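Residue numbers (this note's numbering): 3 to 61.
Backbone N, C-alpha and C fix where the C-beta goes; we use that ideal spot for every residue, glycine too.
Small disclaimer: the values here were computed from a predicted structure and weren't measured.
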Amino acid sequence: MWLKIRHLVDPVFQYLNQPVGHTDRHTVWNPNRFWYLYKINLLEKCWQKEAANKNQHTY
3 MWLKIRHLVD PVFQYLNQPV GHTDRHTVWN PNRFWYLYKI NLLEKCWQKE AANKNQHTY
């Protein structure tokens with residue numbers, strides 16, 4: 003149950019705590035656009051984590 007709540011709270015928290023006025027990162031004002039970019043970023047992190055796990059050898 004907690005995991006389901008966390009999957010909803012984390013993106014909302016990140017959306018509300020975006021850096022405003024920074025030149026290195028753009029602020030996304032549209033919630034739908036933010037959700038789209040959030041899912042892409044999450045997928046990229048999962049791919050990187052999976053690739054790192056495949057490179058580890060278990061003895």
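Rounding to the nearest angstrom, what Cα-Cα distance links residue i and residue j in this structure?
{"i": "N9", "j": "F15", "result": "What sits at residue 9 in the sequence shown is His, not Asn. Cα to Cα, the separation comes out at about 11 Å."}
{"i": "W37", "j": "D12", "result": "11 Å"}
{"i": "M3", "j": "D26", "result": "36 Å"}
{"i": "C48", "j": "L5", "result": "17 Å"}
With H, G and I counted as helix, E and B as strand and the rest as coil, what does DSSP make of residue i?
{"i": "P21", "result": "coil"}
{"i": "H28", "result": "coil"}
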